[in-house]
Each structure stands twice: as C-alpha cells, then as structure tokens.
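Undergrad:
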Amino acid sequence: MEKLIINGGKPLRGSVSISGAKNSAVALIPAALLADGPVVIENLPHIQDVEIYVELLQRMGASVLFEDDWMEIDSSAMKPVVMPNGHVKKLRASYYLWGALLAKFGEANVGLPGGCDLGPRPVDLHIKGFQALGARVENMNGVMTLRANRLRGARIYLDLISVGATINIMLAAARAEGVTVIENAAREPEIVDVATLLNNMGANIKGAGTDVIRIQGVERLRGCRHTIIPDRIEAGTYMIAAAATRGDVILENVIPKHLEPISAKLREIGVVIEDGDDNIRVIGQEKYQAVDVKTNPYPGFPTDLQQPMTTLLTQVKGSSIITDNIYGSRFRHVDELRRMGASIKVEGRSAVIEGGRTLNGAKVVSSDLRAGAALVIAGLVSQGVTEVEGLEHIDRGYENLVGKLRNLGADVYREVLKPTKRP
Ligand code: UD1
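My numbering numbers the first residue of the sequence shown as 31 and each following residue consecutively.
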C-alpha cells in the first residue's frame, strides 16, 4: 500500500506530455483480437487498466508484447476461456471482451465488470445490442454467457447514449453478416479511434463520431499498426490543476478540438487558454468567476472531469453548481473535500459549491479514479500537507502522475505505507 504526500501551495509551471487515451486503450486492445494477424498499438499508456488487459489476454492464450509505449497483440492461438471473475472484476472495460469474443469465436463467458463505483452502472444496452445481432445472452450468476452461430446485422436504437454499448456493438457487428446501423450512438473521440483501428484492419465502418454509425460486416480482419489518440481526460485534469493552482502549463501531444468542452468552461471561469496545433497553454488567473457546469455525453462537459472541476470551483469565489447528468451519485469525493475545508452541499445529482475558501491539507482517501484526481488537485492548492490514500484507483488511469506533477514543480511523492503491527 502506498499514499501520496503533497505539500500544497505551489503553482504548476512548465510543460507536460499527455499520454494515450485510457478509454481508447481498453477498447482497442480487445478490438485487436478480431484480426487474424498481429496488431501493433502505439502511444499506449502504462496504467493498471492496460496491465490488467494484458493479463486477461495472456490467460486466453494470446501473445502480447508490451514494450515502451507500444504493444503487439497476436490472437491466433487464443481460446475463448471462461473468465468468471478475477481480473475481469477489476476493470469496467472488461465488458468489451463480450463483443470481441462473440465476434471472434461466436461465444463468450465473461463475468460482469468491476471498475469505479459511480453508483449503478447497468449493461442492458450492451445486451439488447448483442441480442439484436442474433446472440443468446444469459446472466449465469454474474457470468455473462453469450452465444451465436452467426451474427446478423441489425438496426439498433440506443435508448440512452452509451460509450460502452456503442463500441461493444461495433465490435460484434464488424464481422457480422450484413449491415448494422447504430442510432443514437455515442460520439466520443474514443469511438472514432476504435472505428479507425477496425477500418485499418479491413472493417467497413462509417459515421463514427456522429450519432448514426453504419457497419457493413466483413468476413475477415487483418493485422495493422495504429496510434492511440491523446487522453482528453488526462489533459483536462492537468488543465484544471493548472487553473486551480494559478499556474501556467503547456500540454503537449493533445488534440485541442477534443478539449473544447473543457476549454470553453475554463474560459468562462476566467482562465486564459491558448490553442496550438497539438498543444494547449493554460494560464491561471487570480480572479475567477463562479459558473454552473452540467455533464453530458460528448461534446458536452465530460462526467470524468466533474470531480476535478469541483475542486477547482472550491477556489472560485461565489456559488457554483455542478450537475452530473451521466452518473447522478458520483459525489464520493465531496466528503473528503469538506474535510479539507470546502463548503459543498450535494442536492440530488448536483453539488452546490460555495467557493473561495482556503483548503487545508488533510488525510483523505480516494474512492475512485477521478475522485483521486480531484483530491490530488485539492492537495496541490491546499495549505500544508495532504496525504491521499487509495492510490490503486489513481494508478488505473494516470500514467506517471507523480513524475509529471513533479516536473511541473509540485512537491509530491509516494510513500510506502507500513503495515500496522498488532500489539
Ligand atoms: C465510459 C467511460 C467512462 C465515462 C463514461 C461516460 C470507458 C471505459 N469508460 O463508461 O470513463 O465516465 O463512458 O462518459 O470508456 N447506461 C445504461 N445502460 C447501459 C449502459 C449505460 O443505463 O447498458 C447508462 C450509464 O449508467 C450512464 C450512461 O448510460 O448513466 C452512460 O454510460 P456509458 O457511456 O455506457 O459509460 P461507460 O461506457 O461504462
């Protein structure tokens, strides 16, 4: 067990290189299984979620080489092993194995996923999609069993906009017979990334990035080489941290267009943002204005930055309201922020923040990945020392967080927690 020790009060300054997108990586790796030959994925982040996926693939007999920031996946010797729990429970995105294995073998036996506890996270839309393609789907005591002799294209309308269901249906439909049309599809850049990989493998997918995706199934997919898009959520986290600490940070290796929902809100607060071609500069200001924020599917403000944004709003004088329309109970960071002196009231799916108070360092525990990011930013702006526990959540999604923050001038380090001795 480890914890983070943060001596707060220093503005972040300098430049930081943004890693490949976590939410792409965890979809591209299972997508690569559909190819008959080796697939190389570049710009892959070294994060726990990726390491867990590697172990899952190896358990199924795939050959995986993970060097520096690239990975080669060869699934030719792979078998559809039954995976009821273990690693699949550590990872939300293990649900992509349903679509990928169904497409590859016509069967999948994989436990329901784990991942961050953000309140209820149903998978009914994934199941409806697989069923529409002709699969039989059963939940056998928490293990999803999917079978199909032949998958056939279908028109699928998603009742809710879901990133996971959109990608899972794309995976299952890529080698199905005939045409699949996903309506009310999610439009996140990570969906475009997965479609790009599949198309490079020989798939025929059109419309990714819009709310109607058309997939003409093909018989075979081949190996290829693909570079992951930059992580807009990691980038957004550093943007918010730069703004909150009144720093001046250049983020390298980003797609500024993907960051527009975040830049727009930060500009409304009063942060100065300069877009470059593949970089963005965030210049914090002394005076900010309170704002209201609502999370929505892309291109709305991302729910994954709601928690870090809450921390920033504690540093903005006046009353701000942040409403999470995606995960209405994603507020487990709030109690911890209150322990540091923040004034926040949760009302339904909204947090009302009375900002402008000084935060004081405290011992806090991260309950999930982005709560962890929110608490780290709180530590960076606080007076005194903050200790953040629950690093296993943060490690799931942030590559080299401590190294990157230290490069920006933060006083932060990891400390190994000694097991407490019994008397
Ligand atoms: C993905 C992201 C996660 C992000 C979320 C919303 C990955 C690995 N994770 O999660 O970081 O917070 O998008 O942007 O990419 N829903 C249903 N039934 C379903 C599926 C979803 O009701 O079958 C609901 C969810 O409870 C949620 C909303 O739809 O309220 C959106 O969820 P979804 O986009 O599916 O989230 P994930 O793909 O799990």
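Yeah, the Cβ is synthetic: ideal placement off N, Cα and C, and Gly gets one too.
Using alpha carbons as the reference points, say which of Val173, Thr267, Glu207 and Ala203 lies closest to Arg400.
TA: Thr267
Undergrad: To which residues of the same chain is Glu72 closer than 6 Å at the C-beta, ignoring the five residues directly before and after it?
TA: Trp100 and Thr257
Undergrad: To which residues of the same chain is Leu335 closer than 6 Å at the C-beta, ignoring the five residues directly before and after it?
TA: Taking Leu335 as the centre and dropping the five residues before and after it, the same chain places the C-beta of Gly266 closer than 6 Å to its C-beta, in chain order.
Undergrad: Ordered along the chain, which non-local residues of its own chain (more than five positions away) have a Cβ less than 6 Å from that of His288?
TA: Hits under 6 Å: Pro219 and Arg262.
Undergrad: In terms of residue numbering, what span does the beta strand (DSSP E) encompassing Gln246 cover?
TA: Val242 to Gln246
Undergrad: Tell me the DSSP secondary structure of Phe361 in three-state form.
TA: coil
Undergrad: Drop a sphere of 10 angstroms on the beta-carbon of Pro143, count the other beta-carbons inside from all chains shown, and report buried for 16 or more, exposed for fewer.
TA: buried
Undergrad: For Arg250, which residues in the same chain have their Cβ closer than 8 Å to its Cβ, ignoring the five residues on either side in sequence?
TA: Asp66, Arg205 and Gly232
Undergrad: May I ask you to verify whether the segment 188-208 touches the segment 37-44, counting CB pairs closer than 8 Å and requiring at least 3?
TA: Result no; under three Cβ-Cβ pairs closer than 8 Å.
Undergrad: Which residue marks the beginning of the beta strand (DSSP E) containing Ala381, and which one marks its end?
TA: For Ala381, the enclosing beta strand (DSSP E) begins and ends at Ser380 to Gly385.
Undergrad: Going straight from the alpha carbon of Ser49 to that of Asn283, what length do you get?
TA: Spanning the two alpha carbons is a distance of roughly 8 Å.
Undergrad: Report yes if the C-beta distance between Leu181 and Glu207 is below 8 Å; otherwise report no.
TA: yes
Undergrad: Figure out for me which residue from Ser349, Arg379, Gly348 and Val395 has the closest Cα to the Cα of Leu367.
TA: Val395
Undergrad: Would you decide whether Met31 is buried or exposed? Buried here means 16 or more other CB atoms lie within 10 Å of its CB.
TA: That one is exposed.
Undergrad: I need the straight-line Cα distance from Asn326 to Leu64, nearest angstrom please.
TA: 31 Å
Undergrad: Measuring CA to CA, which of Arg436, Leu435 and Leu447 is closest to Gly420?
TA: Leu447
Undergrad: Counting only runs that start and end within the segment 68-110, where is the beta strand (DSSP E) found for 3 or more residues in a row?
TA: 69-72, 93-97 and 100-104
Undergrad: So Ala57 is in the beta strand (DSSP E); what residue range does that whole segment cover?
TA: Unbroken run through Ala57 is the alpha helix (DSSP H), Lys52 to Ala62; no beta strand (DSSP E).
Undergrad: Look at the alpha carbon of Lys134 and the alpha carbon of Lys434, and state the distance between them as a whole number of angstroms.
TA: 39 Å
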